[in-house]
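Read left to right, the sequence shown gives residues -28 to -1, 1 to 54 (mature numbering (1 follows the signal peptide of the UniProt record, and there is no 0)).
Down below is the structure, laid out as structure tokens.
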Amino acid sequence: MSFRKVTLALVFGLGLASAGHFVPKAFADQPEMDAAMAELRSALASLRAAEPNKGGHRERAIELVEQAIAETQAGIDYAAGE
């Protein structure tokens, strides 16, 4: 997965955290959110498979992608009324 895709996924996921409180309740069917989750999970797998010799940046990226996954899931759950 390219650095650009990982960065976009992180920005998208983290944006949910700041914008989620001001957005009206969404519809339960969330194909774009499901697609985002798939991309984030793919990014996480790629980061975990990468060599750890990145000056701590790989580990930080893993943390951020995990946070993005959690926020994206929270958005999906919110839209589903959970």
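No residue lacks a Cβ here, since even glycine has one placed at the ideal position from N, Cα and C.
Anyone know if the C-beta pair for residue i and residue j falls short of 9 Å?
i: R20; j: I34; result: yes
i: Q2; j: G47; result: yes
i: M5; j: A51; result: yes
i: E23; j: R30; result: yes
Looking at chain D, is there any beta carbon in it that lies within less than 9 Å of the beta carbon of residue i?
i: Y50; result: The structure shown has no chain D; it contains just one protein chain.
Nearest CA to the CA of residue i: which residue from the options?
i: A15; options: N25, I41 and G28; result: I41
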